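Working notes, beginning with the structure itself.
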Amino acid sequence: MYGYFNGIRSSRKLAKQCVINREVIWLIKGLQPKYRVIADFRKDHVEALEKVFKSFVNYCIELGLYGKELVVVDQQGELLGSPITPGVVVNP
4 MYGYFNGIRS
14 SRKLAKQCVI
24 NREVIWLIKG
34 LQPKYRVIAD
44 FRKDHVEALE
54 KVFKSFVNYC
64 IELGLYGKEL
74 VVVDQQGELL
84 GSPITPGVVV
94 NP
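With the working numbering as the guide, the letters of the sequence shown map in order to residues 4 to 95.
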């Protein structure tokens, strides 16, 4: 979950964080899994991870921390070299 919250989706990058990031080292009690272990875990537990994330979103909805607005993410600006940050458009 740490990786998803912090925008780290790569197993290799997550494994690196397990070695260099004090917050992650504390969270995993000093373990240093190889990237392959992380990748295999995610591959082998897809359904369980989906349930965890859905439960978390539902919990946030219950607390009023999450709205149901339409969100559109557009990466086109970044690809064209636009000085404007690629848009996240939220319609209330």
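A virtual CB, placed ideally from N, CA and C, is assigned to each residue, including glycine. Note that the structure is a prediction, hence the values are computed from the model and not measured.
Cβ neighbours of residue i in the same chain (closer than 7 Å, five flanking residues each side left out)
i: Q35; result: C21 and V22
i: A18; result: P36, K37, Y38 and I41
i: G70; result: none
Residue range of the unbroken alpha helix (DSSP H) whose run includes residue i
i: R39; result: Y38 to D47
i: K16; result: S14 to I23
i: Y7; result: Y5 to F8
For residue j and residue i, the rounded distance between their alpha carbons
i: L52; j: G6; result: 13 Å
i: L66; j: V55; result: 17 Å
i: V49; j: D43; result: 10 Å
i: F111; j: F59; result: No information on residue 111 is available, as it lies outside the stretch 4 to 95 that the chain covers here.
i: V93; j: E72; result: Low per-residue confidence applies at V93: pLDDT is 49, beneath 50, and the placement is therefore not dependable enough to give any value.
i: K57; j: I11; result: 19 Å
i: C63; j: K16; result: 27 Å
i: N24; j: I31; result: 11 Å
Buried or exposed by the 16-neighbour rule on C-beta atoms within 10 Å, applied to residue i
i: V27; result: buried
i: S14; result: buried
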